[in-house]
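As given, the protein sequences belong to chains A and B, one line each in that order. Note that the numbering used here has the first sequence beginning at 485, numbered continuously upward. Note that the numbering used here has the second sequence beginning at 487, numbered continuously upward. Note that the Cβ used here is the ideal one computed from N, Cα and C, for glycine as well. Notes follow the structure.
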Amino acid sequence: MPLHRLLYTSEARLSDNASGADLMVESIVAHSQANNEKRGLTGALLYVRGTFIQALEGPLDALENTFERICHDFRHARLTLVDMSPASERMFERWSMTYLAQNDEPARLLVNRDLEELYFTVSTNAAEAMRQMRGLLLGEGKKPALEVV
Amino acid sequence: MRVIDCIVSDHNLWFVLLAAITCAVGSAVTTRLWRQARAATGRSRYDWCFLSGVVAGSSIWATHFIAMLGYLTPATVTFDAVTTLASIAVAILGSGLGFLITLLSPRLTVRIAGGATVGLSIAAMHYIGMFAYRVDGIVSWDPLYLWLSLAAAAGISVLAVLALDKRDTIFRGHLPAMLLMTSIVLLHFLGMTAFGVTPLSGVSSGVDSEAFSAMAIAVALVALLIVGTGVSSFLIDDRARVSSESALHHMASHDALTGMANRLHFHVTLAERCAALDLRQPEFAVLAIDLDRFKQVNDSHGHHVGDEVLRRVAHRLETALDGAGLVGRLGGDEFAAIVDDAALAEAVAGRVVEILSRPFLVNGMIVDIGASVGIAVGPRDATDPRDLLRNADVALYAAKEAGRATFRMFEGAMVEEMQARIALEQDLRRAVAREDFTLFFQPQVDSRTGAFTGAEALLRWDHATRGMVSPAIFIPLAEQLGLIGRIGKWVLTTACREAATWDPHLSIAVNLSPMQLADPRLPRTVSQVLAETGLPAERLELEITETALLANDEQALSTLSELRRMGVVISLDDFGTGYSSLSYLHRFPIDRIKIDRSFISGVATDQHSATIVRAIAHLGTNLGLKITAEGIEDGDQRDFSALYGCDNLQGYLFSRPLPAEKLPPAFAGRTTAPEAA
């Protein structure tokens, strides 16, 4: 089965208080890591300005099933599929699902800036956005996600 | 009386009781199996007959044997094994054959023959069994009771057969079993009454009662085992039937493709819900759900993709409902839901719209559909299931009118709106089919010389009962209904044909709708029309609006360029009212701009309007474009427009739009505009 990759964005329809939102994101990430591991999927999830940007890649069947499951999830609002195309190789092979979000730490100014930039790239150039994602995650030294969480 | 005397005095009553129970249970089971045999067809009918025979024969035999063990005889008793076994075989085969005969034909004689066979088998078993009963004494038979027993067994068995077809309310269908049991019991005790033993003297009497009891219990157990086997086979069959019935019911009430409730099931549930409205149930809602663009999925990706999408739609709908009610597929891409609590209806509808707006990934393809939802609330909007669904459909129609991918709550006014629109649609289709339109022509003049330069063709629809219908109403409708191409072609052909009869210096301006411009076949259509009518391309001016350029500017650019190459003049209509993007003037091959009448009407009184007109005229002139001022109504407007460089003028001051036949006289009559009064 040929490899495919997709990129979608959605707005988080999370609970009102911030810590509840964090918990929910954590549960989403943990859940998708476990599932992706089983299905041979890899990918990354960014959270910028209340928007999820998720790249997901792997065998077509597993990818389509997982995306269908995401479509059933009302925690996403304004879900938009930005790109879906065959891929010759994986871009996020290191991570079953890694997660990167903006936060207020001054040390992360650069990361925050890069995330902001990505936020705008996504709507204009999906392929470039995914290259930026990969670069950003590698620069962050993101380890295989299961070890992180 | 001798019979009762025989039972009471010659028998151990415990054995009689045990025999009676065995007989009763056996008869009841036999009857059920018999009924089963009657209901069955083909081979299984023989199987059921055999099973009925086994149970009936065993019951008869056990009844006889247990009762015989309870028979108090003054002489020593033994049983001959072979004959005893033969007697049970006769009972089984005989009664089985009897049952089979009763099923062969519904004719009375056949059924009587079958019943008699059953009865005589009972008798045969009994008397063969009596041969096996060896008693040390002188045996005597009373022929009266012997014949009586035969007649009773046969007669009552026949009655049992006949009762099988009767609907008896008194015994609740147990009459055949009771008759069968009566037949067995009567035969036995009449037979025993006929039977007499005189013991030989000097021989010890009686049998070993303990061994006898053990034997009785063993026989009864074996007999009950057989009867139990019959019961369980009946139950197994019954359960299989129930489960296949429930499978059938599921098939009848569920959609095969999606597994969700089908139209029938949905309607039944809705009817139940409506019937419960009297019981002060809370309000509930009916959602009519229609997929947008589903037909294109089937057309472009094939039915297997369409089917997969429908399966996933069903699944997503279940998620959107989230247990709030029932969702079903009414057919095709038409779904509906019952939301138990009307207060949740809008939230559910919103979820339905949202979840179906998300893309479907099928075999590496992205399938984008969407859904529109109409909501009707019971009992507020209707109490009858059909009315509720119809009102939900009306609301659905309104949701589609509102641009799809949304939901609407039913409102009473929607019905009239929908009816009015449907009537208008029908009228428009009819008008298009009959080409029931007319063209009016509004002349245009040269601002310097006052001479006529040509005319703009204006479409009119004069409906028999509606009167004049505004193009602002019917043109958008025609676009939605896909009729605009035909109307446009008719307008173009008619206008060109008319213009071909005019003086060769006069041109004709024809409006194009955005959809016509988006059609890549437009240049070919235009060239065909020009060839047909003989009008030179230079005399045709096509008017487009900015919105036509917005939608698909690459396509528009290539179409306009091709038209321009043919020699057709392109003008930009209503300039100043839309985006008025200067880049259009630069990018597209435009020859002329028409300044909208709203600016012209204000030139004398409103400084801003005057400035805009001057600016547009100036800009256009400098870009090498020709300028037309529309809506000139008085001399001031004419003078102002002429002064600032509008080379063509159009308006009531020169002429109202005229029917085709009045145009040549108008062109011939006055070539200069009158001075303003």
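Euclidean distance between Cα positions of residue i and residue j
i, j, result
"B/Ile824", "B/Ala761", "14 Å"
"B/Trp520", "B/Arg593", "17 Å"
"B/Phe551", "B/Ala526", "32 Å"
"B/Leu672", "B/Ala638", "7 Å"
"B/Trp988", "B/Met900", "49 Å"
"A/Pro570", "A/Val595", "29 Å"
"B/Val604", "B/Val596", "13 Å"
"B/Thr516", "B/Glu804", "49 Å"
"B/Thr979", "B/Gly1121", "35 Å"
"B/Arg531", "B/Arg620", "39 Å"
"B/Gln1041", "B/His1104", "29 Å"
"B/Arg1025", "B/Gly971", "22 Å"
"B/Ile908", "B/Ile973", "19 Å"
"B/Leu750", "A/Ala546", "36 Å"
"B/Ser739", "B/Ser719", "30 Å"
"B/Asn498", "B/Asp723", "39 Å"
"B/Arg946", "B/Pro1009", "25 Å"
"B/Thr564", "B/Ser591", "43 Å"
"B/Phe821", "B/Ser843", "15 Å"
"B/Val1012", "B/Pro1151", "28 Å"
"B/Leu1049", "B/Val1055", "8 Å"
"B/Val502", "B/Ala553", "5 Å"
Residue range of the beta strand (DSSP E) that includes residue i
i, result
"B/Gln928", "Thr924 to Asp932"
"B/Ala995", "Ser993 to Asn997"
"B/Met851", "Met851 to Val853"
"A/Phe576", "Element bounds for A/Phe576: n/a, residue is neither H nor E."
"B/Phe846", "Phe846 to Val848"
"B/Gly971", "Premise fails: B/Gly971 lies in the alpha helix (DSSP H), Ile970 to Ala985, not in any beta strand (DSSP E)."
Close beta carbons around residue i, own chain, < 7 Å, minus the five adjacent residues each side
i, result
"B/Met667", "Cys509, Ala510 and Ser513"
"A/Val566", "Leu491, Tyr492, Thr493, Val606 and Ala610"
"B/Leu676", "Val489, Tyr631, Leu634, Ser635 and Ala638"
"B/Ala523", "Arg531, Trp534, Cys535, Ser538, Phe585 and Leu589"
"B/Thr744", "Leu796, Arg797, Ala800 and Arg815"
"B/Ser1174", "Since the first and last residues shown for chain B are 487 and 1163, residue 1174 of chain B lies out of range."
"B/Asn748", "Ser739, His740, Asp741, Gly814 and Arg815"
"B/Gly1062", "Ile1081, Asp1082, Phe1085, Ile1098 and Ile1102"
"B/Gly940", "Gln930, Leu992, Ser993, Ile994 and Ala995"
Element boundaries [alpha helix (DSSP H), containing residue i]
i, result
"A/Asp598", "Leu593 to Thr608"
"B/Gln1002", "Pro1000 to Ala1004"
"A/Asp545", "Leu544 to Cys555"
"B/Ile552", "Arg529 to Leu555"
"A/Phe558", "Looking at the DSSP string, A/Phe558 is not in any alpha helix (DSSP H), and its letter there is neither H nor E."
"B/Gly582", "Ala567 to Leu590"
"B/Glu1154", "Here the sequence assigns Ala to residue 1154 of chain B, which means Glu is not the residue at that position. Run containing B/Ala1154: Leu1149 to Gly1155, per the alpha helix (DSSP H) assignment."
"B/Ala525", "Leu499 to Ala525"
"B/Leu875", "Pro871 to Glu887"
Cut-off 6 Å between Cβ atoms - residues of its own chain near residue i, not counting five sequence neighbours on either side
i, result
"B/Val942", "The sequence given here places Glu at residue 942 of chain B; Val does not occur at that position. Within the same chain, B/Glu942 has close Cβ partners Gln928 and Ala995."
"B/Met678", "Cys492"
"B/Ala617", "Inspection of the sequence shows that residue 617 of chain B is occupied by Phe rather than by Ala. Same-chain partners within the cutoff: Thr569."
"B/Gly1106", "Ile1079 and Ile1113"
"B/Ile587", "Ala599, Gly600 and Thr603"
"A/Asp598", "Leu620"
"B/Leu969", "Val918"
"B/Thr549", "Ala505, Thr508, Cys509 and Ile670"
"B/Asn877", "Ala862, Asp867, Ala868 and Phe896"
Bridge partners - residue i, DSSP secondary structure assignment
i, result
"B/Asn1134", "B/Asp932 and B/Thr1114"
"B/Asp948", "B/Met954"
"B/Val683", "B/Val625"
"A/Arg489", "A/Glu541 and A/Ser569"
"B/Val436", "Coverage of chain B is limited to positions 487 through 1163, which leaves residue 436 of chain B absent and any answer about it impossible."
"B/Phe938", "B/Val931"
"A/Phe536", "A/Ser494 and A/Tyr531"
Beta-carbon contacts of residue i that lie in its chain and below 8 Å, excluding the five residues immediately before and after
i, result
"B/Pro845", "Ile852, Val853 and Asp854"
"A/Glu624", "Leu584 and Val595"
Closer than 8 Å to chain C by CB, residue i
i, result
"B/Thr805", "No chain C appears in this structure, whose protein chains are A and B."
Margin query: Could you tell me which whole beta strand (DSSP E) segments of length 3 or greater appear in the stretch 752 to 832 of chain B?
Written below: 770 to 778, 811 to 817 and 820 to 825
Notebook entry, point to check: At what residue ranges does the stretch 610 to 675 of chain B contain a whole run of the alpha helix (DSSP H), taking only runs of 4 or more?
Noted result: 629 to 650
Next item on the list: Could you pull out every unbroken alpha helix (DSSP H) segment of at least 4 residues lying fully inside the stretch 1030 to 1103 of chain B, listed in chain order?
Entry: 1032 to 1037, 1039 to 1052, 1068 to 1073 and 1083 to 1086
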